[in-house]
Ligand SMILES: Nc1nc2c(ncn2[C@@H]2O[C@H](COP(=O)(O)OP(=O)(O)OP(=O)(O)O)[C@@H](O)[C@H]2O)c(=O)[nH]1
Ligand SMILES: [Mg+2]
Ligand SMILES: [Zn+2]
């Protein structure tokens, strides 16, 4: 079988790495039509079966994905938009200024990537602006519950080597809000990547996203890194509100101590999670984010979640 790795593309044409070369492959018509629920049927990271037809390569089959990150497409809320697949690592990138750190956004992605079983690390970028006390508390909180947090500055060249060495030999995706510095970090890992970055560092909600398309780049020392367009909101495609508790590791590990085995840790009596929050063993911001995400998942339970209930 001729097997290729999808680097980027849209609609029907994709750039695929095949036997060490980048080739253009067309998506077979049948694959487009069988995906009523999916916006882009193929995504960077996909392993595909290629067939040659005359001078052309055709993507004949998408091989099973070991994991994926997706979100509801902006239009038609019931459609899934797969951003990337087959990741070894996910770096969730946030910044302390322009835009400011938003743990609610981080926690959605962290829960989602946990559901997809993708090993995930946090990058806090633009630390040259200084870290406030509140931001430091969040960073410490993530470390307390076991996440690796790398504090970086692209302009000052801080900790970029750490990011780079984690990415070598793997497929690593970078996701986060627009303007946090994802493309800047990629460029620092391998200058050949040369992704366009925003011209001024002033973040504006109205500003256009600088990176328009998810794309996988090979890195010099082996492996691939994936740049993605900034995400404003993360919709948590296909997560059940009742399962959310399993994807907050600190909540999951303490839940056997709750009085009720099916405790959702919201208002139940005898809830060990609520007790742990009061004692400081679970960071308050994480628990508050849990409740917020829980509420949105509950409200959207018939939109995002496809299991018949
Ligand atoms: N001060 C400072 N500015 C930075 C740092 N990293 C990136 N920037 C600036 O922040 C702006 C946004 O950086 P990008 O790399 O384009 O951000 P992005 O996350 O790729 O944004 P999208 O492609 O829109 O999702 C640019 O003007 C960068 O020069 C940093 O560590 N410190
Ligand atoms: Mg970018
Ligand atoms: Zn509980």
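Residue numbers (the numbering used here): 4 to 312. The C-beta atom is built at its ideal place from N, Cα and C for all residues, glycine as well.
| Asked | Found |
| --- | --- |
| Below 7 Å, is the gap between the Cβ of residue 217 and the nearest heavy atom of ligand 3? | no |
| Would you decide whether residue 289 is buried or exposed? Buried here means 16 or more other CB atoms lie within 10 Å of its CB. | buried |
| By DSSP, does residue 253 sit in helix, in strand, or in coil? | helix |
| Can you check which of these residues, 26, 45, 201, is closest to residue 58 by C-alpha distance? | 26 |
| What first and last residue would you give for the beta strand (DSSP E) that runs through residue 84? | 83-88 |
| Check each residue's C-beta against every heavy atom of ligand 3 and list, in chain order, those closer than 5 Å. | 261, 266, 268, 274, 276 |
| What did DSSP end up calling residue 174 once you bin it into helix, strand or coil? | strand |
| If we call anything under 8 Å between Cβ atoms a contact, is residue 96 one with residue 49? | no |
| For the region 17-73, which segments carrying the alpha helix (DSSP H) assignment without a break, of at least 4 residues, lie completely within its bounds, in sequence order? | 32-36 |
| Using a Cβ-based criterion (distance less than 7 Å to any ligand heavy atom), does residue 119 qualify as near ligand 2? | no |
| Which value, in whole angstroms, describes the spacing of the CA atoms of residue 261 and residue 129? | 40 Å |
| Could you round the C-beta distance between residue 293 and residue 237 to whole angstroms and report it? I think they count as a contact, below 8 Å. | That belief does not hold up - the Cβ atoms of residue 293 and residue 237 are roughly 15 Å apart, past 8 Å. |
| Quick check: residue 144 and residue 286, are their CB atoms within less than 8 Å of each other? | yes |
| If we count the other Cβ atoms within 10 Å of its Cβ and call it buried at 16 or more, is residue 302 buried or exposed? | exposed |
| Report the three-state DSSP secondary structure of residue 91 (helix, strand or coil). | coil |
| Look up residue 293 in the DSSP assignment and give the residues it is bridged to. | According to DSSP, which records beta bridges pairwise, residue 293 is partnered with nothing at all. |
| Return the chain-ordered list of same chain residues with a C-beta closer than 7 Å to the C-beta of residue 311, the five sequence neighbours on each side being excluded. | Its pLDDT being 43, under 50, residue 311 is placed unreliably by the model, and the measurement read from it follows with that caveat. Around residue 311: no qualifying Cβ. |
| Between which residues of its own chain and residue 220 is the CB-CB distance below 6 Å, once the five residues before and five after are set aside? | 196, 228 |
| CB of residue 129 to nearest heavy atom of ligand 2: below 7 Å? | no |
| Less than 8 Å between the beta carbons of residue 7 and residue 53, yes or no? | yes |
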